[in-house]
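Below is one structure; the comments refer to it alone.
Numbering (the working numbering), first residue to last: 4 to 359.
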């Protein structure tokens, strides 16, 4: 090795931000390990690396003796004084024992250390970058699918979409461009693991933020989301400005905004619900598209008794109870739905006034 290595380390420090001293320390440790691996010996040996010239030398510690019995560990007084004139018996001195072919091994070792440090630095940069993007949506290309886990290429790295984070109704293929939500970034010895999801409720939230300027600007607020990915979702929205209809803003002109989101989710149905501070009205709204006659709430137990017209009962409950289940998730209330007949109410009972 030579001064060229030192210059290379200086350039790496400038361009990649890896301290030269840290690289040199790593090279020294690796060189000592390389010597022991290739020239295994019981000697007390140290490998020296000249930080100015880049030259490498190996020195063995030996005891000065009158009569040498083990040349690996001992040196005669006469030989010692040729190196260190003040030497005397029982002194410990270092003698250069650099093997003739150690220069090639040292060069290879230094190269491996530099490459490894560059990889570690690159991994650290990628980790920090995606840690800052946690909670955002990314776009990538499906690189491979192994044991139902989808690996998405992001250029310098890849994201992982586990089976639980996938939409069961979707089919994924290698080469397909895909959007997903970053919900966790982990740092490992092999590099960062970036976990993404298309089934996460926040994926739907981020899609609305991207599609609806009023949400992005904070004028319209998403209060809650209930989602059964691939099938149906409910999202409650509230406007900070009385002049702006939060539901209309999310639907968009001719329904374009919500249709773009439905298209991204391959047909997942989305009910946009107007949030209301009054729990009775909010619960009534949450059962959309069904019509609600009456809501009675039990504050202590967080139970809402809901009455709907007889012909609306199946719509209110939904297929396999989905509509009622999503309404409960959306509002945070346990919802008990009955028809007017089941509740013993007369048909003349007025419908709940949603505007009141």
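Positions of the beta carbon are idealized from the N, C-alpha and C atoms, including for glycine.
Note that the structure is predicted; figures quoted are calculated from it, not measured.
So, with DSSP's three-state summary, where would you put residue 92?
Position 89 of the chain shown, counting from 1, holds the residue named residue 92. Looking at residue 92 - three-state DSSP - the assignment turns out to be coil, as it is neither helix nor strand.
Can you tell me where the beta strand (DSSP E) holding residue 195 begins and where it ends?
Residue 195 sits at position 192 when you count from the first residue of the chain shown. For residue 195, the enclosing beta strand (DSSP E) stretches over residues 194 to 200.
Would you mind stating whether residue 211 and residue 253 have Cβ atoms separated by less than 8 Å?
Taking the chain shown and counting its residues from 1, the one referred to as residue 211 is at position 208. Taking the chain shown and counting its residues from 1, the one referred to as residue 253 is at position 250. Contact: yes.
Helix, strand or coil: which one does DSSP assign to residue 189?
Residue numbering aside, residue 189 sits at position 186 when the chain shown is read from its first letter. Residue 189 falls in the strand class under three-state DSSP.
Using CA coordinates, which residue listed in 274, 196 and 85 is at the minimum distance from residue 239?
Counted from its first residue, the chain shown places residue 239 at position 236. For residue 239, the nearest C-alpha among the options comes from 274.
Residue 63 - containing alpha helix (DSSP H), residue span:
As a working mapping, residue 63 is identified with position 60 in the chain shown. No alpha helix (DSSP H) holds residue 63; the beta strand (DSSP E) holding it covers 59 to 68.
With 16 other CB atoms within 10 Å as the buried threshold, where does residue 169 fall?
As a working mapping, residue 169 is identified with position 166 in the chain shown. Residue environment for residue 169: buried (at least 16 other C-beta atoms within 10 angstroms of its C-beta).
Alpha-carbon spacing of residue 109 relative to residue 98, whole angstroms:
Position 106 of the chain shown, counted from the first residue, corresponds to residue 109. Position 95 of the chain shown, counted from the first residue, corresponds to residue 98. Looking at the backbone, the Cα of residue 109 and that of residue 98 are separated by about 19 Å.
Excluding the five sequence neighbours on either side, which residues of its own chain have a C-beta within less than 8 Å of the C-beta of residue 337, listed in chain order?
Counting from 1 along the chain shown, the entry for residue 337 is found at position 334. Cβ neighbours of residue 337 beyond the five flanking positions: 304, 305, 306, 307 and 331.
Proximity below 8 Å, CB of residue 181 to CB of residue 188:
Sequence index remark: in the chain shown, residue 181 carries index 178 (1-based). Sequence index remark: in the chain shown, residue 188 carries index 185 (1-based). No, the Cβ-Cβ distance between residue 181 and residue 188 is not below 8 Å.
For residue 199 and residue 154, the rounded distance between their alpha carbons
Locating residue 154 in the chain shown gives position 151, counting from the first residue. Locating residue 199 in the chain shown gives position 196, counting from the first residue. Their backbone Cα atoms lie some 10 Å apart in a straight line.
My output table needs one value for residue 169: the three-state DSSP class, helix, strand or coil.
Taking the chain shown and counting its residues from 1, one reaches residue 169 at position 166. Here residue 169 sits in coil by DSSP.
Please identify the residue among 54, 166, 255 and 243 whose C-alpha is closest to the C-alpha of residue 279.
Stepping through the chain shown from its first residue, residue 279 is reached at position 276. Closest by alpha carbon: 243.
Select from 139, 297 and 80 the residue whose C-alpha is nearest the C-alpha of residue 185.
Counted from its first residue, the chain shown places residue 185 at position 182. It is 139 whose Cα lies nearest to the Cα of residue 185.
Beta strand (DSSP E) segments (min. 3 residues) lying fully within the region 96 to 184:
For the region 96 to 184, the full-length beta strand (DSSP E) segments reaching 3 residues or more read 140 to 149, 152 to 156 and 161 to 164 along the chain.
Taking only the alpha-carbon atoms, compute the straight-line gap between residue 342 and residue 288 and give it to the nearest angstrom.
Counting from one through the chain shown, the residue named residue 342 turns up at place 339. Counting from one through the chain shown, the residue named residue 288 turns up at place 285. Rounded to the nearest whole angstrom, the CA to CA distance from residue 342 to residue 288 is 17 Å.
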